[in-house]
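Just so you know, we're using the UniProt record's numbering here: the sequence shown kicks off at 1 and counts up by one. Quick reminder that beta carbons are idealized off the backbone N, C-alpha and C, glycines included.
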Amino acid sequence: MTDDPKVLLEELSGLRKRVRHDRHGYWFPLLLFGVLTFAAMPLYAPKELPVGGVHVDYGVGWRLFGTYVDPFRLYYPVIEPLEHPLALGLYWTAVLVLGFLATVRWYRWRAQRTGVETPTRTYAVATSLALAVPLVGVPVLWFVSATVNIMGWWLNGARTAVAALLLVAVVVAIVAMRRNPSRRVALAVCVPAVLVSTTLLVALSMVGHGQFLVLAVGLLALAWVERSTLFAVIALVFTISALLTTLYTMENVFWRLGLPQFVGDDVLLPAAVLLLGGVAGLAAQAVSREQH
1 MTDDPKVLLE ELSGLRKRVR HDRHGYWFPL LLFGVLTFAA MPLYAPKELP
51 VGGVHVDYGV GWRLFGTYVD PFRLYYPVIE PLEHPLALGL YWTAVLVLGF
101 LATVRWYRWR AQRTGVETPT RTYAVATSLA LAVPLVGVPV LWFVSATVNI
151 MGWWLNGART AVAALLLVAV VVAIVAMRRN PSRRVALAVC VPAVLVSTTL
201 LVALSMVGHG QFLVLAVGLL ALAWVERSTL FAVIALVFTI SALLTTLYTM
251 ENVFWRLGLP QFVGDDVLLP AAVLLLGGVA GLAAQAVSRE QH
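Structural data, given as structure tokens:
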């Protein structure tokens, strides 16, 4: 044991680094959601068009006061109707909710096993807000925007979402700062990030594949908690792949590259990023364990 302050600081820095590496467990949610995304591919089988007709139901919604409401519209691709839209909607709802619970449980179990806890509160808050969008926010916002015409063009899904989420974010920030003023700096970064991400999710909800944006919000929040450069890069790459899948028809990419098209090819890119990221995280964990 030395009394040299410089040596003590170096030892403390090394200890913090080892503890940070020991608590990294992000490979599990990456592999979990990657496998579940691949498993969803058969549910994207297209519906055969009726002979001599062009009317095809794209979802499983119903008419409510003259307005079409579909709680699963966020998950559907918009290019073609699906053979099993109800199964796809229920599947992704279960994946998002149960996957979120499994991730939180995983980190708690890992904390008990290693003695090093990863705080999951930020991940839980961000993911809960993001989950509220497809499960509650999107159906309500689009029902209101379709049935009420008081504010004209301001009352459409995206602009209504911006106003509503801005109000919610301000209220949450004020309440949190009053309870614990020391977290003002963290809130100044976290709340706008969640707000922008969730707003983008609602604004793009008419395009489809919005479940990947929900996952992106959760992974970005988890990367911030983990303090891992590798995980931050993986989360960023996944966010880019989610935006590409949401904004662009990936079938066109396969066609332009001369690759064969198959059922579920739209979700191949985000699924591959999740799986490869999980494998990379697991490998990094093994290397870190050998070094220490």
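Which listed residue (the options) has its alpha carbon closest to that of residue i
i, options, result
"Gly208", "His24, Lys47, Leu82, Trp106", "Leu82"
"Gly264", "Thr239, Ser228, Thr245, Val225", "Thr245"
"Leu129", "Ile234, Val97, Arg113", "Val97"
"Gly99", "Gly258, Leu36, Asn252, Trp27", "Leu36"
"Pro46", "Asp266, Ser228, Tyr107", "Asp266"
"Leu101", "Pro85, Arg113, Val125, Tyr248", "Val125"
"Leu131", "Trp92, Arg113, Gln112", "Trp92"
"Phe238", "Arg227, Ala223, Gln112", "Ala223"
"Leu276", "Phe254, His84, Ile234, Arg121", "Ile234"
"Glu226", "Arg121, His84, Arg256", "Arg121"
Cβ-Cβ distance between residue i and residue j below 7 Å
i, j, result
"Ala87", "Leu43", "yes"
"Ala29", "Thr127", "As written in the sequence, residue 29 is Pro, which differs from the Ala given in the question. In this structure, Thr127 does not lie closer than 7 Å to Pro29 by Cβ."
"Phe212", "Ala232", "no"
"Gly210", "Leu74", "yes"
"Phe72", "Leu215", "no"
"Gly25", "Arg110", "yes"
"residue 296", "Ala286", "Past the boundaries of the shown model lies residue 296; the chain is included only from 1 to 292, so the question cannot be answered."
"Leu230", "Ala284", "yes"
"Trp27", "Gly258", "no"
Collapsed DSSP secondary structure at residue i in the structure displayed
i, result
"Pro42", "helix"
"Leu257", "coil"
"Trp154", "Unreliable placement is indicated for Trp154, whose pLDDT of 44 sits below 50; no coordinate value is reported for it."
Assumed close pair residue i, residue j - CB separation to whole angstroms, cut-off 8 Å
i, j, result
"Ala221", "Tyr123", "5 Å"
"Gly278", "Leu31", "3 Å"
"Tyr269", "Met250", "The amino acid at residue 269 is misidentified as Tyr; the sequence shows Leu. Between Met250 and Leu269 the Cβ distance is about 6 Å, and since that is below 8 Å, they are a contact."
Beta carbon proximity, residue i to chain D, threshold 7 Å
i, result
"Gln211", "The structure shown contains no chain D; it holds only a single protein chain."
Residue i classed as buried or exposed, judged by whether at least 16 other C-beta atoms fall within 10 angstroms
i, result
"Tyr76", "buried"
"Tyr107", "buried"
"Leu12", "Residue confidence for Leu12 is low, a pLDDT of 49 falling below 50, so the modelled location carries little weight and cannot support an answer."
"Glu48", "exposed"
"Gly152", "With a pLDDT of 47 at Gly152, under the threshold of 50, the modelled position of that residue is not reliable, and the figure given next carries that caveat. Answer is exposed; the Cβ neighbour count stays below 16."
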